[in-house]
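This note's numbering puts the first residue of the sequence shown at 86, with every later residue one more than the last. We treat Cβ as the ideally placed atom computed from N, Cα and C, and that holds for glycine. It should be emphasised that the depicted structure is a prediction, and the values quoted were computed from it without experimental measurement. Step one of this worksheet: look at the structure below.
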Amino acid sequence: MEIEYRLGTRQDIDAICELIKLAIEEMERHGIYQWDDIYPARTDFEEDIDKNSLFLAYSEDKLAALYVISGESDEQYANGKWECDEETAYVLHRFCVSPQFQNKGVGKIVLLHIEEQIRSMGYKSVRLDTFTENPFAQRLYLHNGYESRGHANWRKGKFDLMEKKLDNVRTYRSILE
């Protein structure tokens, strides 16, 4: 599957919010109440765009996924027993695959791209948090080498703090070749 990546812009905001709305509806069909109208909000994505940290993935000219990567993390990340130090880690936030592209390997393909992007920026690990009641996200990360490093408690419940070391990992390009 051919996927093109680019930075999100203010002109993308409506499409981003529509993707999130559809993703929330899909999660709720599975009894997953991770996101809502409070988080993630339009203003979160506008701030991400202003910081040049929101990326979009397109397949067949359709928005297939979005993600945010940055050096920022919530104070709850201090609960993690991280293997890599903070200066060598980058954080993945708000990773979302459009319901139209779910169960087609897009999540894994985009995740591998994110890892290569972060590695190419000179970082040695990816950190993220995932809702413990979202078996789909849990499975994606665990099957792709992420390990639980602790827990955070937010408004919606318990989240696993996860980390993956990027050294000695097959790159996205090597998988495609």
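Sub-7 Å separation of R212 and E248 beta-carbons: Yes, these two residues count as a Cβ contact at 7 Å.
Which of helix, strand or coil DSSP assigns to N164: In the three-state reduction of the DSSP assignment, N164 falls in the helix class, which pools H, G and I.
Beta-carbon separation of E103 and Y143 under 7 Å? In this structure, E103 lies away from Y143, with their beta-carbon atoms at least 7 Å apart.
Would you list, in sequence order, the uninterrupted alpha helix (DSSP H) runs of no fewer than 4 residues that lie entirely inside the region 87 to 114? You should have 98 to 114.
Between V195 and the rest of its own chain, which residues show a CB-CB distance below 6 Å, the 5 nearest in sequence each way excluded? A142, A150.
How long is the line joining the alpha carbons of K166 and H115, rounded to whole angstroms? Annotation: K166 to H115 spans about 31 Å, alpha carbon to alpha carbon.
Taking the alpha helix (DSSP H) that T128 falls in, what are its first and last residues? Boundaries of the alpha helix (DSSP H) around T128: 127 to 135.
Which word fits L246, buried or exposed, when buried means at least 16 other C-beta atoms lie within 10 angstroms of its C-beta? Buried, since its Cβ has 16 or more Cβ neighbours within 10 Å.
Please work out which residues of its chain come closer than 8 Å, Cβ to Cβ, to D170, disregarding the five sequence neighbours upstream and downstream, and give them in chain order. Once the five neighbours on either side are set aside, D170 has no close Cβ partner at all.
With DSSP as the reference, identify every bridge partner of L151, one or two as the case may be. The partner list for L151 (beta bridge, DSSP) reads L141, C181.
Taking only the alpha-carbon atoms, compute the straight-line gap between C181 and I154 and give it to the nearest angstrom. Cα to Cα, C181 sits roughly 12 Å from I154.
Tell me whether G190 is buried or exposed, calling it buried when 16 or more other Cβ atoms sit within 10 Å of its Cβ. Result: exposed.
Are the CB atoms of I101 and N219 nearer to each other than 7 Å? Their beta carbons are not under 7 Å apart, which means I101 does not touch N219 by this criterion.
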